[in-house]
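*Asks:* Numbering (this note's numbering) for the sequence shown: 1 to 193. Built from N, CA and C at the ideal position, the CB exists for glycine as well. Starting off with a structure, shown below.
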Amino acid sequence: MVQSTGPKKIKSAVFISGTGSNLRSLIQFSKKNNSPISIDLIISDNPKAKGLKFGKIFKISKKVFNYDHKIIAEKKIISELKNKNIKLICLAGFMKILSKDFIKSFKGKILNIHPSLLPKYKGLDTHQRAMSNREKYSGCTVHLVNSRLDSGKIILQKKVKISKSETVKSLAKKVLIQEHKLYPKAIRKVFSL
Ligand code: GAR
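Here you go:
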């Protein structure tokens with residue numbers, strides 16, 4: 001009997017620089033039968049990124065690129081992405097800024113998750129800044145990447161309440177839990193549009 005393999009999944013790459021907890025949640029999501037994506041490549045600028053271990057655990061190819069020479073690194077990344085027929089890039093805690101040319105060559109196909117309610121708190125130290133400003137809420141955003149930092153079209157956001165006893169650490173943890181749910185949801189949304 002010939003088994004149906006179902007509709008083909010969109011080949012995706014996840015870019016990380018650190019722990020990779022979003023990477024793990026995206027891999028788990030991608031393994032669901034009805035997920036629109038598969039994860040075929042993990043890319044990092046940091047050879048010490050803890051998240052690289054998920055490549056081994058889930059048998060996904062992983063590649064580290066030296067960002068001391070950004071233009072060369074990006075050229076190599078693009079050829080790797082083309083080789084593997086990658087059609088979607090998910091930035092998940094990737095702490096380098098992609099060049100305009102790179103973004104152009106994958107226009108509309110790069111997503112990012114950011115730990116704030118954009119357009120508030122673009123850039124780094126989002127939780128610290130939200131708390132210093134005595135915000136009542138923070139959260140996370142999945143957005144399309146364009147050439148301006150953390151400024152592309154917003155796909156989904158999730159609000160998180162900042163409690164009276166909150167610390168930067170506890171807020172980061174609370175937001176991260178929501179990130180793990182939001183990113184898969186946003187990917188589903190992108191492919192249902
Ligand atoms: C996440 O909170 C992500 O939103 C943030 O880094 C963390 C990565 O965690 N990204 C940025 O700040 C990008 N500017 P993870 O490695 O456990 O997924």
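Measuring only from the beta carbon, is G152 closer than 7 Å to any heavy atom that is part of ligand 1?
*Replies:* no
*Asks:* Whose C-beta lies closer than 7 Å to the C-beta of L156 among residues of the same chain, with five residues either side of it excluded?
*Replies:* So the qualifying residues of the chain are V142, L182, K185, A186 and K189.
*Asks:* Just curious, the beta strand (DSSP E) that D101 is in, first and last residue?
*Replies:* Note, D101: premise wrong, no beta strand (DSSP E); alpha helix (DSSP H) at K100 to S105.
*Asks:* Rounding to the nearest angstrom, what Cα-Cα distance links K139 and K159 in this structure?
*Replies:* In the sequence as displayed, the identity of residue 139 is Gly instead of Lys. Using only the alpha carbons, I get a separation of about 4 Å.
*Asks:* Nearest to L41 by CA position, among S105, K63, K169 and S25, is which residue?
*Replies:* K63
*Asks:* What does DSSP give as the partner residue(s) for I113 in the beta ladder?
*Replies:* V142
*Asks:* For ligand 1, is there a heavy atom less than 7 Å away from the beta-carbon of L23?
*Replies:* yes
*Asks:* What number of angstroms, rounded off, separates the C-alpha of F29 from the C-alpha of H180?
*Replies:* 10 Å
*Asks:* Is there at least one non-hydrogen atom of ligand 1 closer than 7 Å to the beta-carbon of T19?
*Replies:* yes
*Asks:* State buried or exposed for S4, treating a residue as buried only when at least 16 other CB atoms are found within 10 Å of its CB.
*Replies:* Unreliable placement is indicated for S4, whose pLDDT of 45 sits below 50; the coordinate value is still reported in the next sentence. S4 should be labelled exposed.
*Asks:* Check whether the Cβ of S115 lies closer than 7 Å to any heavy atom of ligand 1, and answer yes or no.
*Replies:* It should be noted that the sequence gives Pro, not Ser, for residue 115. Within the cutoff, so yes.
*Asks:* In its own chain, which residues sit with a C-beta less than 6 Å from the C-beta of R24, not counting the 5 before and 5 after it?
*Replies:* F54
*Asks:* Hey, how far is the Cα of L171 from the Cα of N22?
*Replies:* 16 Å
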